[in-house]
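Just so you know, the sequences run in chain order L and B.
According to the UniProt record's numbering, the residues represented by the first sequence are 1 to 352, in order.
According to the UniProt record's numbering, the residues represented by the second sequence are 1 to 352, in order.
C-beta: ideal position from N, C-alpha, C; glycine also.
Note sheet for the following structure.
There are 2 protein chains.
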Amino acid sequence: MQQTAVGRGREHGPHVTLHAVARTAGVSPATASRALNGTTRVREDLRRRVLEAADRLGYIPNAHAQALASSSNNTVGVICHDVGDPYFAAIASGVMAAAAEQDLLVMLASTFRAPAREIAYVSMLRAQRARAILLIGSGFQDPAWERSLESELAPYMRDGGRVAVVSRHRSLRVDTVQPENRAGAGALARALLSLGHREFAVLTGPERLTTVADRLAGFRAALADAGVGLPPERIVEGAFTRDGGHAAAVELLRRGQRPTCVFAVTDVMAVGALGALRERGLRVPDDVSLAGFDDIPLVGELTPPLTTVALPLTRMGRDVLALALRERGARSRVERVRGEVVLRASTGRPTA
Amino acid sequence: MQQTAVGRGREHGPHVTLHAVARTAGVSPATASRALNGTTRVREDLRRRVLEAADRLGYIPNAHAQALASSSNNTVGVICHDVGDPYFAAIASGVMAAAAEQDLLVMLASTFRAPAREIAYVSMLRAQRARAILLIGSGFQDPAWERSLESELAPYMRDGGRVAVVSRHRSLRVDTVQPENRAGAGALARALLSLGHREFAVLTGPERLTTVADRLAGFRAALADAGVGLPPERIVEGAFTRDGGHAAAVELLRRGQRPTCVFAVTDVMAVGALGALRERGLRVPDDVSLAGFDDIPLVGELTPPLTTVALPLTRMGRDVLALALRERGARSRVERVRGEVVLRASTGRPTA
DNA sequence: CTGAAAGCGCTTACAG
DNA sequence: CTGAAAGCGCTTACAG
Chain L
1 MQQTAVGRGR EHGPHVTLHA VARTAGVSPA TASRALNGTT RVREDLRRRV
51 LEAADRLGYI PNAHAQALAS SSNNTVGVIC HDVGDPYFAA IASGVMAAAA
101 EQDLLVMLAS TFRAPAREIA YVSMLRAQRA RAILLIGSGF QDPAWERSLE
151 SELAPYMRDG GRVAVVSRHR SLRVDTVQPE NRAGAGALAR ALLSLGHREF
201 AVLTGPERLT TVADRLAGFR AALADAGVGL PPERIVEGAF TRDGGHAAAV
251 ELLRRGQRPT CVFAVTDVMA VGALGALRER GLRVPDDVSL AGFDDIPLVG
301 ELTPPLTTVA LPLTRMGRDV LALALRERGA RSRVERVRGE VVLRASTGRP
351 TA
Chain B
1 MQQTAVGRGR EHGPHVTLHA VARTAGVSPA TASRALNGTT RVREDLRRRV
51 LEAADRLGYI PNAHAQALAS SSNNTVGVIC HDVGDPYFAA IASGVMAAAA
101 EQDLLVMLAS TFRAPAREIA YVSMLRAQRA RAILLIGSGF QDPAWERSLE
151 SELAPYMRDG GRVAVVSRHR SLRVDTVQPE NRAGAGALAR ALLSLGHREF
201 AVLTGPERLT TVADRLAGFR AALADAGVGL PPERIVEGAF TRDGGHAAAV
251 ELLRRGQRPT CVFAVTDVMA VGALGALRER GLRVPDDVSL AGFDDIPLVG
301 ELTPPLTTVA LPLTRMGRDV LALALRERGA RSRVERVRGE VVLRASTGRP
351 TA
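This is the structure we're talking about:
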């Protein structure tokens, strides 16, 4: 009787092994392996016997043994903040579609925004000898965090692991799919200015996130170009979630600010803000205009439909996998993705 | 120079092994293993030396070797139709949260609704010796499909693998989290009848899906109890997607049907239907009421907010993992989940 | 084309 | 408590 492994999960029962298949087919394990994998020519009748035996015994190769023996592997790891968030779900969906086409298995992890968990997952994925690790989501502009991530990733890459990310990571020299956050936010600001707005507020996420920093900077710069300011009291930081958007909007109003237009740096936050504004009796866009960023599913059919900057999320997912798996060039590649301003009913002309 | 493995991915470079750690710590691999895993008491100074060596060398255990040697494993597989679909994303998110608490790695696969791909993934997960396999999503009422799934799952379970599902699978004797689709749809029907509706139409998905069958049956039965019929021409089948809902609504109108209330069997389909109705110049709920099922994120803030039957999706995700991992009882358990009717602005009183 | 043998990197009875 | 040794289930040079 085997002793149960402590803390590492339960053991499995006995399995049909290659050895068993080989024996019932009357060949050596080596031949059985070759017949099954098609790596080498095998006499036709033997091949057939092996395949039949495998089928009859219900043989399922042990992927761990294969990985160990061949040091090959067909899984890729994807780390995002939360699959429950439509932004990540859309990108993940693109990754899965592309992975399926190459018979890759995807290990998906949600960090729930805990940096420590992110590091832990990278480490687990390294232990799995994942063929590639994909980081979906903004990097933190935090030296300590960057250092520890870098120190996990560098040895992984040195050993042949591939890494690619979606969004900007300051210090990571890896292939990246880079939404043009700055340009997109700038274009959005100009569109909003064209509507006549001059009084803006921004609901931001944690400022250490590169995505937040870039969108805010782009938005602010475009306003400045038009001679429009964005005073500090009109910039409210909240969590990068729906509730964060809600809270930020509440805080904005609490400060007595009454901009004619509010920009939430992500659609998810915008959705929260929309609820908050409505609860406070403000009509969108009659009393205040609201815009987001990303164009996640459904925001186009909200009450009212949300103005935003559209990103091709699913394709970004496909692309980040492709980048990771492509033949290694000398240097890392950055694929820039344009965002397209989509004006919808949540923004109108200022009334005041 | 090693030869590249054909078709199974790229090989990794050399890694720091347990052996190396043991040597630099001046102990045997056995002791190093024990020190690292804490499975047995190890003299304190040796333990420290091992840990230091491991840290200094940047040792990452090879999970495949561990799995092979200990026949233990810490990954669970989740198979759903499409993570990009908010319904699955919400459930998956619950699974991930629960998995994180137990240091489990999640392999997530999207079948994109191809039954063959579902079978293939189960097989891959078996090869990975996943500790548990979770099937998220309705079963097909199709003997051939049921048989092939069963034949993949049965040996897996016999060998100690755990299986649990969300939604009804006719022939699978496994732990299941079972939304009360029939009862929920019935309650919804009664609520709509109370509003005064008598002319209904249903936008269904593929009828072989148990979820579709149950919701349709529950809805129809409740209408019948009230003496209200549901003629065949008022039942339109579409794909289980947003586009499917759109197409079904279009088809309904093409048939010249003008019900006062339309029930789409999922929110995702309802969203598509909403767009179709609007494009045809029909106002919701003024010209026609519309209801869905699931209460996926954001449908509460659509234009107009969608009436639906709310399911605790994230919790269902947590629960299905818990079911799979719990101590095995004699027989499989079914956890029923109630749906709650939520009346919102997409449904009103009939105007006709 | 086929088989015997070594080896992938760990864990774990089995003896000290 | 510690180490030598066997074994987990495959793959793959190396010789035929």
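Beta-carbon separation (whole angstroms), residue 90/L vs residue 296/L, contact threshold 8 angstroms: For the purposes of this step, residue 90/L is taken as the residue at position 90 of the first sequence. For the purposes of this step, residue 296/L is taken as the residue at position 296 of the first sequence. Going by Cβ atoms, the distance from residue 90/L to residue 296/L rounds to 6 angstroms, so yes, they are a contact pair.
Residues near residue 343/B in its chain [Cβ-Cβ closer than 7 angstroms; skip 5 each side]: As a working mapping, residue 343/B is identified with position 343 in the second sequence. Taken in chain order, the residues that qualify are 191 and 307.
Other residues of its chain near residue 74/B: CB distance less than 7 angstroms, five sequence neighbours each side excluded: Within the second sequence, numbered from 1, the residue matching residue 74/B stands at position 74. Counting only Cβ-Cβ distances below 7 angstroms, and skipping sequence neighbours, we find 103, 104, 105 and 131.
Any 3 or more C-beta pairs closer than 8 angstroms across the region 242–252 of chain L and the region 222–232 of chain L: no
8 angstroms CB neighbourhood of residue 285/L in its chain, flanking five on each side removed: As a position in the first sequence, residue 285/L is number 285, starting the count at 1. If we look at residue 285/L and ignore the five residues flanking it on each side, its Cβ neighbours are 304, 345, 346, 347 and 348.
Chain-ordered neighbours of residue 271/L on chain B, where CB pairs are closer than 8 angstroms: Reading the first sequence from its first residue, position 271 is the one you call residue 271/L. Near residue 271/L (Cβ distances below 8 angstroms), the residues of chain B are 298 and 301.
Contact check, residue 166/B vs residue 177/B, beta carbons under 8 angstroms: If you number the second sequence from 1, residue 166/B lands on position 166. If you number the second sequence from 1, residue 177/B lands on position 177. Contact: yes.
CB contact check: residue 62/L to chain B, cutoff 8 angstroms: Start at 1 with the first residue of the first sequence, and residue 62/L comes out as number 62. At least one chain B Cβ lies under 8 angstroms of residue 62/L.
Short CB-CB distance (under 8 angstroms) between residue 290/L and chain B: Residue numbering aside, residue 290/L sits at position 290 when the first sequence is read from its first letter. Judged by the 8 angstroms Cβ criterion, residue 290/L is not in contact with chain B.
Cβ-Cβ distance between residue 170/B and residue 217/B below 8 angstroms: Taking the second sequence and counting its residues from 1, one reaches residue 170/B at position 170. Taking the second sequence and counting its residues from 1, one reaches residue 217/B at position 217. In this structure, residue 217/B does not lie closer than 8 angstroms to residue 170/B by Cβ.
Of the residues 53/L, 44/L, 34/L and 43/L, the one placed nearest residue 20/L, counting alpha carbons only: Along the first sequence, one-based indexing puts residue 20/L at 20. Closest option to residue 20/L, Cα to Cα, is 53/L.
Separation of residue 273/L from residue 288/L, as counted between CA atoms: In the first sequence, residue 288/L corresponds to position 288, counting from 1. In the first sequence, residue 273/L corresponds to position 273, counting from 1. Distance between the alpha carbons of residue 288/L and residue 273/L is about 11 angstroms.
Paired residues, beta bridge with residue 110/L - DSSP: As a working mapping, residue 110/L is identified with position 110 in the first sequence. The partner list for residue 110/L (beta bridge, DSSP) reads 80/L.
Cβ-based neighbour list, residue 6/B, same chain, cut-off 8 angstroms, excluding 5 preceding and 5 following: The residue given as residue 6/B occupies position 6 in the second sequence. The predicted model places residue 6/B with a pLDDT of 32, which falls under 50 and marks its position as unreliable; any figure quoted below should be read in that light. Hits under 8 angstroms: none found.
For residue 237/B, the nearest candidate out of 152/B, 213/B, 196/B and 291/B (CA to CA): By 1-based counting over the second sequence, the position of residue 237/B is 237. The residue with the shortest Cα to Cα distance from residue 237/B is 213/B.
Local conformation of residue 138/L per DSSP, three classes: By 1-based counting over the first sequence, the position of residue 138/L is 138. Coil, per DSSP.
Per-residue DSSP class, three states only, for residue 211/L: Looking up residue 211/L in the first sequence gives position 211. Note: residue 211/L maps to helix in three-state DSSP.
For residue 294/B, three-class secondary structure by DSSP: Locating residue 294/B in the second sequence gives position 294, counting from the first residue. Three-state DSSP puts residue 294/B in a strand.
Beta carbon proximity, residue 112/L to chain B, threshold 8 angstroms: Stepping through the first sequence from its first residue, residue 112/L is reached at position 112. So, interface residue.
C-alpha gap between residue 86/B and residue 189/L, whole angstroms: The residue given as residue 86/B occupies position 86 in the second sequence. The residue given as residue 189/L occupies position 189 in the first sequence. Their Cα atoms are separated by approximately 30 angstroms.
Spatial neighbours of residue 318/L in its chain, beta-carbon cut-off 6 angstroms, leaving aside the 5 residues before and after: The sequence position of residue 318/L within the first sequence is 318, counting from 1. The answer, listed in chain order, is 94 and 98.
Stretch pair the region 139–154 of chain B + the region 193–210 of chain B: three plus CB contacts closer than 8 angstroms: yes
Residue span of the beta strand (DSSP E) that contains residue 175/L, given as start and end: Position 175 of the first sequence, counted from the start, is the residue given in the question as residue 175/L. Residue 175/L -> beta strand (DSSP E) spans 175–179.
Chain L within 8 angstroms of residue 31/B, Cβ atoms only: Position 31 of the second sequence, counting from 1, holds the residue named residue 31/B. No, residue 31/B lies away from the interface with chain L (no Cβ there is under 8 angstroms from its Cβ).
Between the CA atoms of residue 204/L and residue 193/B - distance to the nearest angstrom: Numbered from its first residue, the second sequence carries residue 193/B at position 193. Numbered from its first residue, the first sequence carries residue 204/L at position 204. Distance between the alpha carbons of residue 193/B and residue 204/L is about 45 angstroms.
Minimum Cβ-Cβ distance from residue 129/L to chain B less than 8 angstroms: As a first step, residue 129/L is located in the first sequence; it is residue number 129 there, counting from the start. Taking Cβ atoms only, chain B reaches closer than 8 angstroms to residue 129/L, which makes this a yes.
Contact with chain L by residue 206/B, beta-carbon distance below 8 angstroms: For the purposes of this step, residue 206/B is taken as the residue at position 206 of the second sequence. Judged by the 8 angstroms Cβ criterion, residue 206/B is not in contact with chain L.
Sufficient close CB pairs (3 or more, under 8 angstroms) joining the region 152–159 of chain B to the region 109–125 of chain B: yes
Burial state of residue 334/L, where buried means 16 or more other Cβ atoms lie within 10 Å: Taking the first residue of the first sequence as position 1, residue 334/L is located at position 334. Exposed: under 16 other Cβ atoms inside 10 Å.
Own chain partners of residue 185/B with C-beta closer than 6 angstroms, once the 5 adjacent residues on each side are dropped: Taking the second sequence and counting its residues from 1, the one referred to as residue 185/B is at position 185. Same-chain partners within the cutoff: 215, 218 and 219.
Buried/exposed call for residue 2/B, threshold 16 Cβ in 10 Å: For the purposes of this step, residue 2/B is taken as the residue at position 2 of the second sequence. Caution applies to residue 2/B, whose pLDDT of 34 falls short of 50 and renders its modelled position unreliable; the value that the coordinates give is listed next. Per the 10 Å Cβ criterion, exposed.
Sequence-distant residues of the same chain with beta carbon closer than 8 angstroms to residue 44/B, five excluded per side: Taking the second sequence and counting its residues from 1, one reaches residue 44/B at position 44. There are no such residues.
Bridge-paired residues (DSSP) for residue 309/B: One-based indexing of the second sequence puts residue 309/B at position 309. Answer by DSSP bridge pairing, in chain order: 341/B.
Residue from 231/L, 146/L, 271/L and 239/L with nearest C-alpha to residue 255/L: Taking the first residue of the first sequence as 1, we reach residue 255/L at position 255. It is 231/L whose Cα lies nearest to the Cα of residue 255/L.
Close-in-space but distant-in-sequence residues of the same chain around residue 109/B (CB under 6 angstroms, 5 per side omitted): Counting from one through the second sequence, the residue named residue 109/B turns up at place 109. Excluding sequence neighbours, residue 109/B sits near 79 and 121.
Residue 170/B - DSSP class collapsed to helix/strand/coil: Within the second sequence, numbered from 1, the residue matching residue 170/B stands at position 170. If DSSP states are grouped into helix, strand and coil, residue 170/B belongs with coil.
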